[in-house]
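Trainee: One structure coming up, written as structure tokens, with questions to follow.
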């Protein structure tokens, strides 16, 4: 792997071919830095999995080289895996104030806060980590305090955009520092790595500020009615805008949902959300106010079944019931794959007499095509790697770079685990490190793998039958059973024809084993399984899992 | 239920609060007609289910009254349940030529074609079924030969739109017969029941013909490259347009995917698709032509994992491999819930070097708001029921009707099973018939219910442990075991600490039963289950299904 000591090695462990689990390794000789350390949410086929974290075996093996983890912003797909990864590789972390604040919440929850070396940086600041000099560049995104990175390495400057949009009028803080991008670009950039999420979308994203107008209009229209706004907990600027509107229309604010309560508390504490004293009330205090004096800010805008909004919609929320006339604003867009669950919540809300408004109060946090073109044109890199996207997004981003005049052989689309090596003269994919995402399920990290998932998949489709037989150790005579118990297969009584016949099929298979004098337990089990499988397939065209258990008894 | 003999009773068994499973009963005294008889596709939580059909118990009970089933068009969600329902209630069916042709394919597959009385009607025709006179009105939709129904009943005229859009320039046949809607409206309509699918969308749908221009542009641009177009098999007009473009650009046509092959064959046979002789070739003949001379029309535009396009994308198609430079046109829009699977296919196609075009070659088959307003304004009904939509769509459609001046107390939003009674003076919901959708899984119809699904859900989340113990019938002494076998739980060896401890937990629970002299098998099982569940929860924060099996042996 270290065939050329003088090249910079870049190794993304995730964040490519998917949205989520962003983590990229930069290695030059004896120094490694890591950019971001996020989780992915499980795909549909990952049954029962809570979240997915990157496999950092490469970092464990090279732990002596690792100088630190640099964070671009505080979203889960960029910081969420830290509590797991820092247990294995305890290195300093660096990020802006809000980012570190959100990380600290997580570390506290996992009871490892005091074990971690945390460093708050400010945009504009430069730090040295080994041979790397990292300059933090102020950007704008759907969470305050995001940064891009200009990483000066012995082979040249690498610009990593993080997640960004070009917002000239953000809610909190200053606009993206285009001056800095221009300045760095002018000095010469070897490689640009940039956000591809919206590379398929023509034009520009609207500024977060434009949402204010939509809220103002809705709040003015909904006088006298209770307003419920659902959005991403991490979208601190959106929450700030809802608070602004609430202030203007003299409404008290109730915050619901665990992550919303946590993030809002952190944002208020660190000064990212400004709110007049006594504006926030608890749900117990709601009864002291009229409907028109209340706005509830809640999680659940993606239809997550356990989130506060879903629980209100399904009448299982402990404190808040939807009442006729409620105005529910979904200030978000369904993430691909969530459309149906979001629609389910919308339908339930309508059924209970609420009106649901799901348009015009959301803007994307990721750059559209014209914004990407602007960054490419300011940074003027020699080489380019599209980041943060599915294959379709990275391909489009590559096309976009080409349309701006970049040579196609200088653009590389990477997959997780790919090793990319670059110096001033060349850049190419040179290898691949095995990197299987790790599943987190309950307390277990990594104890659910593909075999377990395949079993869950099979169980979920056709259920299972357990066949239990007690046999004599000496004679292989059947002493009890066969008993057949099914779960998730079909609705059958033990006494039904199918179950009676199924037992007969097993008895016949055992007889055959006995006549052939088969004494190997595994072979007997296999005969039982095969006979039963064939019988059930003919009867039902279904293929449940069959689990034969034979108990040996001395007799 | 029959409290007033002089009212018309309307009972939708499906098609409301969901997209799919359209079936509506019209009953007047001793006569019943049924409009449509469709399936729904399973929701995500209906694990292992193939399709969902309506519960027609009400029709079985009243079989002597049922005069026939009238079909509006040939989509699965309107005809798909016929092979199942006709087995229980064998009544005549009525529909246009293509609709009946597609039904016949199904009946043939289910081997009941000759048992069914099939009647081809033409738009404009009127038939009498009991007291009902039904006039078929030509409409336009995303399949040829759709009709709306004007049902003259003893209490007045009911207009049922079926699924429709207003297309003035359809590909096959004539435009929607607005004259007829106007004429019937002028004479006086008691009740309108209309398609709500796109009630949330402002403006008009584009004509199917506009897609021709997009195809023409793409075909002219993709000279020399192989073109693959994926669309709905039932969208016969779309297929016709692809064939037109193929003809113009001198390409041969290959048809792939079982349902596409079936529908195209039926459509050609019945004259709904026109194609020059020798234009269609088999995949074996493809090798005789250059890439630029071929267009492949295929199923799989919704990312269905078993459809032809998905198999091409995942390199599992038996005859066709994606090759670098292929142009794949997705001529469809993902149905809500399918976005992620569609995206997966797009990514795989890109990964294999194809270019994927997923814009501009699709128009909706359902009326947008302005089209709905036109129909309401022509029909001028006294009462209104929004059909064919989720709650959100029906609410919007109700609002739209109100915005046109209809009194809100004359609009009724129904749920499946609701009984609605109407005469010239009043219309209201008067009752509810229990109507649980029936799950079809493999050969089984109705043998998978909520208990089985709940088990599958649980199995899919945390898997299962089977605990098997052989005990003496007489002494309750343990003769063999406990043996614990797990599937889909976590990756554990039998010899792992957790499994050794788990067995110890079971042994302890059995000891306690023995000391308390508990001899009831169910109580013993419950003790084992509870002890093991508690242990596993503490160890893993997971809650697998636990299946204790005790075998009794004489000893």
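Chains as they are written, first to last, in the UniProt record's numbering: chain G, 1 to 555; chain B, 1 to 555. In this text, a Cβ means the ideal position worked out from N, Cα and C, and glycines have one as well.
Restricting to Cα atoms, I'd like to know which of G/46, G/33, G/147, G/13 is closest to residue 463 of chain B.
Mentor: Residue 463 of chain B has its Cα closest to that of G/46, out of G/46, G/33, G/147, G/13.
Trainee: Note down the Cα distance separating residue 61 of chain B from residue 417 of chain B, rounded to an integer number of angstroms.
Mentor: Approximately 15 Å, taken between the alpha carbons.
Trainee: Within the 8 Å Cβ cut-off, does residue 46 of chain G reach chain B?
Mentor: Residue 46 of chain G does not count as touching chain B.
Trainee: Which residue comes first and which comes last in the alpha helix (DSSP H) that contains residue 304 of chain G?
Mentor: Per DSSP, residue 304 of chain G belongs to no alpha helix (DSSP H) and is neither H nor E.
Trainee: Using DSSP with H/G/I as helix, E/B as strand and the rest coil, what is residue 232 of chain B?
Mentor: Here residue 232 of chain B sits in coil by DSSP.
Trainee: Less than 8 Å between the C-beta atoms of residue 437 of chain B and residue 162 of chain B, yes or no?
Mentor: Cβ distance not < 8 Å, so residue 437 of chain B and residue 162 of chain B don't count as in contact.
Trainee: Buried or exposed for residue 165 of chain G, please, with buried defined as at least 16 other CB atoms from any protein chain shown within 10 angstroms of its CB.
Mentor: Residue 165 of chain G comes out buried.
Trainee: What does residue 216 of chain G touch in chain B if you count any residue whose Cβ is under 9 Å from its own?
Mentor: None at all; the shortest Cβ gap to chain B is about 22 Å.
Trainee: In the DSSP assignment, find the unbroken beta strand (DSSP E) run with residue 550 of chain B in it and report its ends.
Mentor: It spans 545 to 553 - the beta strand (DSSP E) in which residue 550 of chain B sits, taken as one unbroken run.
Trainee: Do you know offhand how far residue 281 of chain G's Cα is from residue 348 of chain G's?
Mentor: Looking at the two C-alpha atoms, the distance is approximately 26 Å.
Trainee: Is residue 545 of chain B close to chain G, meaning its C-beta is less than 8 Å from at least one C-beta of that chain?
Mentor: Yes, because at least one Cβ of chain G sits closer than 8 Å to the Cβ of residue 545 of chain B.
Trainee: Could you name the residues of the same chain whose beta carbon sits closer than 7 Å to that of residue 83 of chain G, not counting the 5 residues immediately before and after it, in chain order?
Mentor: Result list for residue 83 of chain G: 106, 107, 110, 112, in chain order.
Trainee: Give the interface partners of residue 170 of chain B over in chain G, defined as CB-CB distance under 9 Å, in chain order.
Mentor: The contacting residues do not exist; residue 170 of chain B stays about 29 Å from chain G at best.
Trainee: With 8 Å as the threshold, decide whether the Cβ of residue 480 of chain B is near any Cβ in chain G.
Mentor: Residue 480 of chain B counts as touching chain G.
Trainee: To be precise: take each residue of the segment 321 to 355 of chain G, compare its Cβ to all Cβ atoms of chain B, and keep it if any distance is under 7 Å. Which residues remain?
Mentor: Result list: 336, 337, 339, 340, 343, 346, 347, 350, 351.
Trainee: Is residue 208 of chain G helix, strand or coil when you go by DSSP?
Mentor: Residue 208 of chain G falls in the coil class under three-state DSSP.
Trainee: Could you work out which residue in G/232, G/366, G/384 is closest to residue 19 of chain G when comparing CA atoms only?
Mentor: Of the candidates G/232, G/366, G/384, the one whose C-alpha sits nearest the C-alpha of residue 19 of chain G is G/366.
Trainee: I'd like to know whether the C-beta of residue 51 of chain B is nearer than 8 Å to at least one C-beta of chain G.
Mentor: With 8 Å as the cut-off, residue 51 of chain B does not count as an interface residue toward chain G.
Trainee: Among B/145, B/442, B/248, which has the Cα closest to the Cα of residue 213 of chain B?
Mentor: Minimum Cα distance to residue 213 of chain B is reached at B/248.
Trainee: Can you check whether the CB of residue 33 of chain B is closer than 8 Å to the CB of residue 85 of chain B?
Mentor: Going by C-beta atoms, residue 85 of chain B is not nearer than 8 Å to residue 33 of chain B.
Trainee: Output the boundary residues of the beta strand (DSSP E) element that contains residue 10 of chain G.
Mentor: That run of the beta strand (DSSP E) goes 8 to 14.
Trainee: Does the segment 206 to 222 of chain G come into contact with the segment 180 to 188 of chain G, if we say contact requires no fewer than three beta-carbon pairs (one atom in each stretch) closer than 8 Å?
Mentor: Contact fails: fewer than three Cβ-Cβ distances are below 8 Å.
Trainee: Does any residue of chain B bring its CB to less than 8 Å from the CB of residue 460 of chain G?
Mentor: So, interface residue.
Trainee: Do you know how far the Cα of residue 38 of chain B is from the Cα of residue 339 of chain G?
Mentor: Roughly 24 Å between the two C-alpha positions.
Trainee: Is it true that the CB of residue 116 of chain B sits closer than 8 Å to the CB of residue 70 of chain B?
Mentor: It is not a contact, given that the beta carbons lie outside the stated cut-off.
Trainee: Classify residue 498 of chain B as helix, strand or coil using the three-state DSSP reduction.
Mentor: Three-state DSSP puts residue 498 of chain B in a helix.
Trainee: Spatial neighbours of residue 398 of chain B within its chain, please: C-beta separation below 8 Å, excluding the five flanking residues on both sides.
Mentor: Cβ within range, chain order: 384, 386, 408, 411, 413.
Trainee: Would you kindly work out how many angstroms separate the C-alpha atoms of residue 476 of chain G and residue 505 of chain G, rounded to a whole number?
Mentor: So the two alpha carbons sit approximately 18 Å from each other.
Trainee: Any Cβ of chain G within less than 8 Å of the Cβ of residue 526 of chain B?
Mentor: It does not; no Cβ of chain G falls within 8 Å.
Trainee: Can residue 375 of chain G and residue 199 of chain G be called in contact, C-beta distance under 8 Å?
Mentor: Not a contact, by the Cβ cut-off of 8 Å.
Trainee: Does any C-beta atom of chain G lie closer than 8 Å to the C-beta of residue 107 of chain B?
Mentor: It does not; no Cβ of chain G falls within 8 Å.
Trainee: Strictly below 8 Å CB to CB, what residues from chain B border residue 463 of chain G?
Mentor: Here the neighbours are 48, 452, 455, 456, 459.
Trainee: I'd like to check one pair, residue 237 of chain B with residue 144 of chain B: are the Cβ atoms closer than 8 Å?
Mentor: Yes. Within cutoff.
Trainee: Less than 8 Å separating the beta-carbons of residue 93 of chain G and residue 118 of chain G?
Mentor: Their beta carbons are under 8 Å apart, which means residue 93 of chain G touches residue 118 of chain G by this criterion.
Trainee: Using beta-carbon positions only, say whether residue 132 of chain B and residue 123 of chain B come within less than 8 Å of one another.
Mentor: Cβ atoms of residue 132 of chain B and residue 123 of chain B: not closer than 8 Å.
Trainee: So with CB distances below 7 Å, who are the chain G contacts of residue 365 of chain B?
Mentor: Near residue 365 of chain B there are no residues of chain G at all, since even the closest Cβ is about 19 Å away, more than 7 Å.
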